[in-house]
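Throughout, this note's numbering is defined as the position within the first sequence, counted from one, plus 480. Encoded as structure tokens, the structure appears first; notes follow it.
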Amino acid sequence: MTLDVPALDAGRLAAIRAPLLAWYDRQKRDLPWRRTKEPYAIWLSEVMLQQTQVSTVIPYWERFLARFPSVQALAAAPLEDVLAAWKGLGYYSRARNLHRAAQEVTAQFGGRFPSTAKALLTLPGFGRYTAGAVASIAFGEEAPLVDGNVARVLSRLFVVEGLPGDRAREARLWALAGALVKGERPGDFNQALMEHGATVCRPERPLCLLCPVREACLAYQTGRTAELPPAKVRATPKLLTLALAVWPHGDTLLFARRAEKGLFGGLWELPAVEVAPGAPEAEAATRLSEALEVPLTAQGVLGTVKRQLTHRALTLHLLRVTGPQRPSRAAAFHELRWCTPAQASELGMSTAMQRALDAALAKGVLPDVAR
DNA sequence: GACACGTGGCT
DNA sequence: TAGCCAAGTGT
Numbered sequence: 481m482t483l484d485v486p487a488l489d490a491g492r493l494a495a496i497r498a499p500l501l502a503w504y505d506r507q508k509r510d511l512p513w514r515r516t517k518e519p520y521a522i523w524l525s526e527v528m529l530q531q532t533q534v535s536t537v538i539p540y541w542e543r544f545l546a547r548f549p550s551v552q553a554l555a556a557a558p559l560e561d562v563l564a565a566w567k568g569l570g571y572y573s574r575a576r577n578l579h580r581a582a583q584e585v586t587a588q589f590g591g592r593f594p595s596t597a598k599a600l601l602t603l604p605g606f607g608r609y610t611a612g613a614v615a616s617i618a619f620g621e622e623a624p625l626v627d628g629n630v631a632r633v634l635s636r637l638f639v640v641e642g643l644p645g646d647r648a649r650e651a652r653l654w655a656l657a658g659a660l661v662k663g664e665r666p667g668d669f670n671q672a673l674m675e676h677g678a679t680v681c682r683p684e685r686p687l688c689l690l691c692p693v694r695e696a697c698l699a700y701q702t703g704r705t706a707e708l709p710p711a712k713v714r715a716t717p718k719l720l721t722l723a724l725a726v727w728p729h730g731d732t733l734l735f736a737r738r739a740e741k742g743l744f745g746g747l748w749e750l751p752a753v754e755v756a757p758g759a760p761e762a763e764a765a766t767r768l769s770e771a772l773e774v775p776l777t778a779q780g781v782l783g784t785v786k787r788q789l790t791h792r793a794l795t796l797h798l799l800r801v802t803g804p805q806r807p808s809r810a811a812a813f814h815e816l817r818w819c820t821p822a823q824a825s826e827l828g829m830s831t832a833m834q835r836a837l838d839a840a841l842a843k844g845v846l847p848d849v850a851r
């Protein structure tokens, strides 16, 4: 594998750096995290933006900062509250790692962020990208970063072949990014590269006529912008079928908190067990009874909610149940709690589970006064 | 290296 | 519409 960068002589470097930075200064979007130099706020934006679109992140970022205004405030908060603030944003391990990293920064670094990519990389949730982003944007280190945007831009500028995930391709992209970021304003340059990928050098129908580095782009010169980079090969989603217990009592329903790892880790749910796709109601009731460690009676299926995740096709069967003993704890769940809908709305819950809960409530499982 | 991990927007 | 995609990380 070659790590040198033969296509990047000094002249080529200058022909990309300067126009891209100048373009960024003219055309950058006014995003809220571009108005702060606070490392904590920049870190938060970078984590929220992982695999998530800018327009989705903005309101979350603002609410989260209002609720947890400093790394110390975040470190001191219960994980449950952090997950509640993350509710609906997806990839919840990001919130768990964010919380852990805040505690490590507070405990090991006296509340001050490490300022180099190398040191940041030791914190939970900091991979190569996020370490480079925070180091360059918040601390001005000449640290490279490669995200999906940068990979696309550099693939086209330098005609980097290979599929996403290919080791030689990744090494080449990081080497190019590392050579390009050397110089003035590394944070702005990295953002320029990403901004360019997001708005001009788009995946489909890139706006080459508006491109500030068109003359330096090998893909443009050879008519290959449409075929670079090749699309990711995605596995077909696996089926996951869950039976959910809808157990009314007074104006409450039973809720459970999931184990901290895996799908929807640490989030609240209607108590759920996995069942075979075509499993009969009686089997689902038996599984739920075992998980909740109490006898229970099935009172019919209230409905089914389907959700498509990236790697999962989720089917949620809502099973109305009741029983003589109301459980308050069970080994299969972190915690059990009886909540009104109003209380449940404050819990950290996945969007998938929220849809299921809404469907159950729409069936009138609780008295009107509780809704 | 492959896979798990969410969600909403866009075409 | 169904599929693709987005400022990735952890195991």
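Glycine included, every Cβ here is placed at the ideal spot set by N, Cα and C.
Between the CA atoms of residue j and residue i - distance to the nearest angstrom
{"i": "Val-551", "j": "Leu-698", "result": "44 Å"}
{"i": "Glu-638", "j": "Arg-787", "result": "A small correction: the amino acid at residue 638 is Phe; Glu does not occupy that position in the sequence shown. Going from the Cα of Phe-638 to the Cα of Arg-787 covers about 39 Å."}
{"i": "Arg-792", "j": "Gln-533", "result": "20 Å"}
{"i": "Lys-508", "j": "Val-781", "result": "52 Å"}
{"i": "Ala-581", "j": "Leu-524", "result": "11 Å"}
{"i": "Thr-702", "j": "Arg-636", "result": "10 Å"}
{"i": "Pro-624", "j": "Ala-557", "result": "32 Å"}
{"i": "Leu-796", "j": "Leu-501", "result": "49 Å"}
{"i": "Gln-823", "j": "Trp-541", "result": "23 Å"}
{"i": "Ala-739", "j": "Arg-694", "result": "50 Å"}
{"i": "Glu-584", "j": "Leu-846", "result": "43 Å"}
{"i": "Pro-549", "j": "Ala-555", "result": "11 Å"}
{"i": "Glu-473", "j": "Arg-592", "result": "Only positions 481 to 851 of the chain appear in the structure, and residue 473 is not among them; the question remains open."}
{"i": "Lys-843", "j": "Leu-687", "result": "49 Å"}
{"i": "Gly-645", "j": "Ser-825", "result": "39 Å"}
{"i": "Leu-643", "j": "Lys-712", "result": "7 Å"}
{"i": "Val-614", "j": "Ile-522", "result": "7 Å"}
When the options are compared against residue i, the one with the closest alpha-carbon
{"i": "Asn-670", "options": "Pro-709, Leu-689, Glu-622", "result": "Glu-622"}
{"i": "Leu-772", "options": "Leu-563, Val-753, Lys-843", "result": "Val-753"}
{"i": "Ala-725", "options": "Glu-826, Ala-836, Asn-629", "result": "Ala-836"}
{"i": "Asp-838", "options": "Thr-784, Arg-574, Thr-716", "result": "Thr-784"}
{"i": "Met-528", "options": "Ala-575, Arg-652, Glu-650", "result": "Ala-575"}
{"i": "Leu-480", "options": "Leu-733, Ala-521, Gln-530", "result": "Within the shown structure, residues of the chain are numbered from 481 to 851, placing residue 480 beyond reach of any answer."}
{"i": "Leu-653", "options": "Asp-848, Leu-488, Met-829", "result": "Leu-488"}
{"i": "Pro-499", "options": "Cys-691, Gln-823, Ser-808", "result": "Cys-691"}
{"i": "Gly-617", "options": "Ala-810, Pro-804, Glu-526", "result": "Looking at the sequence provided, one finds Ile at residue 617 rather than Gly. Checked all of Ala-810, Pro-804, Glu-526; the closest Cα to Ile-617 is Glu-526."}
Which residues DSSP lists as bridging residue i, in chain order
{"i": "Lys-786", "result": "Thr-795"}
{"i": "Glu-749", "result": "Ala-736"}
{"i": "Cys-819", "result": "Leu-733"}
{"i": "Leu-472", "result": "What the structure shows of the chain is the stretch from 481 to 851, and residue 472 is not part of that stretch, so it cannot be assessed."}
{"i": "Thr-802", "result": "Thr-777"}
{"i": "Ala-723", "result": "Val-753, His-797"}
Whole-angstrom C-beta distance between residue j and residue i, which should lie under 8 Å
{"i": "Pro-751", "j": "Leu-719", "result": "Going by Cβ atoms, the distance from Pro-751 to Leu-719 rounds to 21 Å, so no, they are not a contact pair."}
{"i": "Gly-612", "j": "Ala-631", "result": "Not confirmed; about 13 Å, so no contact."}
{"i": "Val-755", "j": "Glu-763", "result": "6 Å"}
{"i": "Thr-831", "j": "Gly-568", "result": "5 Å"}
{"i": "Leu-743", "j": "Ala-564", "result": "With 8 Å as the limit, Leu-743 and Ala-564 do not qualify as a contact, their Cβ atoms being about 18 Å apart."}
{"i": "Trp-727", "j": "Arg-737", "result": "Their Cβ separation, rounded to whole angstroms, is 15 Å, which puts Trp-727 and Arg-737 out of contact at 8 Å."}
Residue i beta carbon near the ligand GDP (any heavy atom closer than 6 Å)
{"i": "Glu-650", "result": "Among the components of this structure there are no ligands whatsoever, and the ligand GDP is therefore not found."}
key: Completely contained alpha helix (DSSP H) runs for the region 555 to 589, where each covers 4 or more residues   = For the region 555 to 589, whole alpha helix (DSSP H) runs of length 4 or above, ordered along the chain, are 559 to 566, 573 to 588.
message = Please give me, in chain order, every unbroken run of the alpha helix (DSSP H) with length at least 4 that falls completely inside the region 486 to 517.
response = Entirely contained in the region 486 to 517, the alpha helix (DSSP H) runs reaching 4 residues are, in chain order, 490 to 507.
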